[in-house]
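Asks: Quick one: the structure is below, and I'll ask about it shortly.
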Amino acid sequence: MMNTAIRLTGITKRFPGVVALKNVGFEIHSGEVHCLVGENGAGKSTLIKLLAGVEQPDEGTIELFEKQVCFRSPEEALRAGVGVVYQELSNFVHLDVATNLNANEFPQKGGVIDYRGLYRRTREQLDDCGLKYIHEKSIMRELSLGTQQMVEIASLIGQKARVVILDEPTSALTEVEVEKLYELIARMKQQGVTIIYISHRLDEVLHLADTITVLKDGEHVITFPRDETTTKQMLVRFMVGRDVEFDYRTSQTVQKDVLLAVDDISSGEALKNISFSLQKGEILGIAGLEGSGRTELLETLFGWRIATAGTIRLEEKPVRIHNPIQAKKHGLAYITKDRKMLGLFLKQDVKTNVAAASEQSYKSAGLVSYQKIAANAKHYVEAMRIKCASLSQLVMNLSGGNQQKVLLSMWLSADPKILLIDEPTRGVDVGAKAEIHALLRGIAAEGKGVLMVSSELPEIMAACDRVIVMFEGRITGILDNNKQLTEERLVSLASGMTEAC
Amino acid sequence: MVEKTVTQQKNTVSNVFRKILQTRELSLVVLLAFIVIALMSSTSTFATSGNIRVLLQGMSVDMMIAIPMAISLIAGNIDFSVGSNLCLSSAIVGLSLNAGIPAWLAILIGLASGAAFGTLNGVIINKLGVTPLVATLGTWMAYRGIALVVIGGQTLGNFGESFTIVGRATWLGVPSTIVYMFAIIMVGIFIIKYTSFFHNAYLIGSNKLSAKLAGINIEKFVYISYMITGAVAAFAGIVLAARLGSSSQNAGTQLEFRNVVGLLVGGISMDGGEGKLIGAVLGVTLMQLINNAIVLLYLNPSYTQVITGSILVLAVAIDQLSKRRKVAAK
């Protein structure tokens, strides 16, 4: 007796250099909680963008309540009743709850905004959603993330959305807020709203879902109803299982000496009691899902984030690193996952970028030597095969892979002992990917240490000598890269399941 | 047939034009040359050594201060307080002189005051987290206010030759103010190009977060750049007071606005990370030349602000449009 809320048939979506979705088709029933799972890069976000009208499919059809639709914009999708609450909330933080809920349609009285009516209507909207504890005049910015999220959801309900898509809603919520969210979802179900829920947290998926769809590498794996027999292991098995592409000489450059020893590092809620060590010549991978604290770990080691507890020892000596200046002095380098905003200087040229972290090295008689800067840049452009029109080309005009190589060159020019790198090949095409991996191995071979965060399991499994797996700020496992290292094991640990040893 | 040739001619002319317009500094030189030639042909008074001297002396105060302001602005930090700093520092010098303090000491006190007022800007920005615009607008008001309180409407004078010589001496026939101006321009261009500390201004202005990550000490740069701007403002105020022989509460009014316009016209973006010091020099010169032109051509001086405002908008608009085309052509 169930209506079909959404039917996808043959959906294909291409972006330059990658096929994000390939011939995806399945159905979402009206009034159910439909969970979408898959690894990073499986295509979940792209699918959401298609449903929300942010992008349009290259092939295939989308049917909303049996009617074929093609949304050219999020506004169109909203008007048709499809709304999304994204991970990065998109509300008006400086304004109050009432304005956020009624941004499209302020109640008017005689041509002028009726504020009393506005607040009254907002109160009703909030009460209808069971959000009695939210005050209509509160400023959004002062509310917690979870509460802001509730307001966004309430806004969609207020706009009579029939399909509400929630993208990783609980990744930044406290436990109490999570409970409130579940209540709100139950309420929406009662009102007949269809909910599409993306989550990495398999426990949550098993708790909430009526139906589960698994995507992998842009393809549809399976859609099935959740019942008592569904287990996390089942989900994990559907999510992984592909050929590993890379194959590098792991464990061949690792030396005995410990380069970095981390003892019981904590940083607020994001990192809890992290302990591990990095040896000379080693590439240590850090795996985990989004929100597990991997980036926060690198940031804390580099002094970009405050450690609230714990110690760090470099080659047996305890050190205090409170900012990047100190980190650099101790031989650390950090390549962020957001190379454009946090790392590169897009408006400057290649040679300036390459020299940016090592300015002291290009001096002649105490003065800046542009010859030395150019010579250094030339060295790296050749060594790393960076494709650029000239050393004076602005970095913003380079491709993603070449930008990544420039950022790597910037830090290699500083001759670091330890390289912290976050998503080394994100947004990089296959050819450059392999080159970057070879470069990292070369760096390790020189006796340096590499700490590499990556969401791409094939990359972790191929390039790393050992792997740390994190979940919700803690380490759930430290594995050697041997035959027992499987993607399944990594995904299990990343989902919070500890191993029965 | 004739039409074809004309079109061909037009193409080469517009191509050359385009190439020149692509370099901000080059187009400014062309514009300046144009104005100079126009003035030379339309007035008999422009090309006289007397007028040139007046012109150069008149722009010296603005120009000296524009140099450290440019370095700060390239790093993305604006300094609006310079005119008020100049006024207050020169008031302090005037009061010291009138109190019998020897000239050399009074000058040192003035420079130290200017540096301190500048450093205060740095403290507000670094320690209180206030953006440079708001911080220096605040000190712009405060410093002038203090100057009013301290001088209280009088014009200080009677400074004695040991002081006024600083502003009235000539070196090989060239007035000292012009010599100081050129010296500061040279030093400025040198340090931003050849010392890594100041050259980092480009990185800081391009992307502050990336600069922090690369281990650049931005706080230190803020302190030092504002301190230097303050000291140079004080120096300019001292030279001005020495030349005029008096120090008043009106010293340095509107200076910050004139300079910001000159810097923007010269190609230094408010966002930071781009522009050359020579461009700043050309921009400030251009604005002064226009002032000079208005006087020489007997135009109504009330038009000055209209013209200044229009040139500012035009200059920045041309820059933005050329940027948009560069991105589209990619």
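If you read the sequences in order, they're chains A and B.
To convert a position in the first sequence, counted from 1, into the numbering used here, add 4.
To convert a position in the second sequence, counted from 1, into the numbering used here, add 181.
Where is the CB? At the ideal position from N, CA and C, for every residue including glycine.
Since we're looking at a predicted model, the values are computed, not measured.
1. For Leu453/B, decide whether its Cβ has a neighbour in chain A, counting only Cβ atoms nearer than 7 Å.
2. Using the three-state DSSP reduction, which class does Asp452/B fall into: helix, strand or coil?
3. Under 9 Å between beta-carbons, which chain A residues line up against Thr541/B? List them in chain order, please.
4. Would you check if there are 3 or more beta carbon pairs closer than 8 Å linking the stretch 78-87 of chain A to the stretch 279-290 of chain A?
5. For Ala395/B, which residues in chain A fall below 9 Å Cβ to Cβ?
6. Could you tell me whether the Cβ of Asn388/B comes closer than 7 Å to any Cβ of chain A?
7. Buried or exposed: where does Phe371/B fall if 16 or more other Cβ atoms within 10 Å of its Cβ makes it buried?
8. So which residues of chain B does Thr3/A contact, with C-beta pairs closer than 8 Å?
9. For my contact list, Lys48/A and Ile202/A are in at a C-beta cut-off of 8 Å; report their separation, rounded to the angstrom.
10. Taking the beta strand (DSSP E) that Met456/A belongs to, which residues open and close that run?
11. Using CA coordinates, which residue listed in Asp100/A, Val197/A and Glu128/A is at the minimum distance from Thr151/A?
12. Which residue or residues does DSSP assign as beta-bridge partners of His38/A?
13. Under 7 Å, Cβ to Cβ, is there at least one residue of chain B near Gln352/A?
14. Looking only at DSSP bridge pairs, what is Arg191/A linked to?
15. Is Thr340/A helix, strand or coil by DSSP?
16. Taking all protein chains shown into account, decide if Ile346/B is buried (16 or more other Cβ within 10 angstroms of its Cβ) or exposed.
17. Threshold first: 4 residues or longer. Then list the alpha helix (DSSP H) segments lying entirely within the stretch 350-400 of chain A, N to C.
18. Which residue from Leu207/B, Ala417/B, Tyr479/B and Gly341/B puts its Cα closest to that of Pro283/B?
19. Which runs of the alpha helix (DSSP H), 4 residues or longer, sit entirely within the stretch 293-366 of chain B?
20. According to the Cβ coordinates, are Thr376/B and Met250/B closer than 7 Å?
21. If we ignore side chains and look at the alpha-carbon of each, how far apart do Glu183/A and Leu336/A end up?
22. Please check if any C-beta of chain E sits within less than 7 Å of the C-beta of Leu384/B.
23. If you follow the alpha helix (DSSP H) that Thr234/A is part of, which residue opens it and which one closes it?
24. Taking contact to mean at least 3 C-beta pairs separated by less than 8 Å, is the stretch 447-455 of chain A in contact with the stretch 383-393 of chain A?
25. Residues of chain A with a CB under 7 Å from the CB of Ser391/B: which are they?
26. Can you say whether Val399/A is buried or exposed, counting buried as having 16 or more other CB atoms within 10 angstroms of its CB?
27. Are the stretch 224-243 of chain B and the stretch 457-476 of chain B in contact at 8 Å, needing three or more beta carbon pairs?
28. Would you say Asn398/B reaches chain A, if we count a Cβ-Cβ gap shorter than 7 Å as a contact?
29. Who are Lys71/A's beta bridge partners in DSSP?
30. How far does the beta strand (DSSP E) with Glu31/A in it extend, from its first residue to its last?
31. Should Arg205/B be labelled buried (16 or more other beta-carbon atoms within 10 Å of its own) or exposed?
32. Since Asn381/B meets chain A, which of its residues come closer than 8 Å, beta carbon to beta carbon?
33. Quick one: measure Cβ to Cβ for Leu275/A and Glu300/A, integer angstroms, because I've assumed they're closer than 8 Å.
34. Mind checking who Leu267/B pairs with in its DSSP beta bridge?
35. Does DSSP put Gly272/A in a helix, in a strand, or in coil?
36. Which value, in whole angstroms, describes the spacing of the CA atoms of Ser391/B and Ala256/B?
Replies: This is what the structure gives:
1. The sequence shown places Gly at residue 453/B, not Leu. Not closer than 7 Å to any Cβ of chain A, the Cβ of Gly453/B fails to qualify, so no.
2. Three-state result, Asp452/B: coil.
3. In the structure as shown, chain B begins at 182 and stops at 511. Residue 541/B is therefore absent and cannot be evaluated.
4. no
5. Pro328, Lys332, Gly347, Phe349, Ala360, Ala361, Ser362, Glu363, Met414, Trp415 and Ala418
6. yes
7. Its Cβ having fewer than 16 others within 10 Å, Phe371/B is exposed.
8. Only positions 5 to 505 of chain A appear in this structure, which leaves residue 3/A out of reach.
9. Confirmed, about 5 Å.
10. Counting along the chain, the beta strand (DSSP E) containing Met456/A begins and ends at Gly453 to Val457.
11. Asp100/A
12. BP columns for His38/A point to Ile200/A and Thr215/A.
13. yes
14. In the DSSP output, where bridge partners are listed per residue, Arg191/A has none listed.
15. For Thr340/A, the secondary structure class from DSSP, reduced to helix, strand or coil, is coil.
16. With fewer than 16 other Cβ atoms inside 10 Å of its own Cβ, Ile346/B counts as exposed.
17. 354-359 and 374-387
18. Gly341/B
19. 313-332 and 342-349
20. no
21. 41 Å
22. Chain labels in this structure do not include chain E; the protein chains are A and B.
23. First-last for Thr234/A: undefined, no H or E at that position.
24. no
25. Leu346, Gly347, Leu348 and Phe349
26. buried
27. Between the stretch 224-243 of chain B and the stretch 457-476 of chain B, the count of Cβ pairs shorter than 8 Å is three or higher; the stretches touch.
28. Proximity of Asn398/B to chain A, defined by a Cβ-Cβ separation below 7 Å, is satisfied.
29. Leu68/A
30. Val22 to His33
31. buried
32. Neighbours of Asn381/B in chain A, taken as residues at a C-beta separation under 8 Å, are given in chain order as Glu363.
33. 5 Å
34. DSSP lists no partner for Leu267/B.
35. coil
36. Near 13 Å, if we compare the C-alpha coordinates of Ala256/B and Ser391/B.
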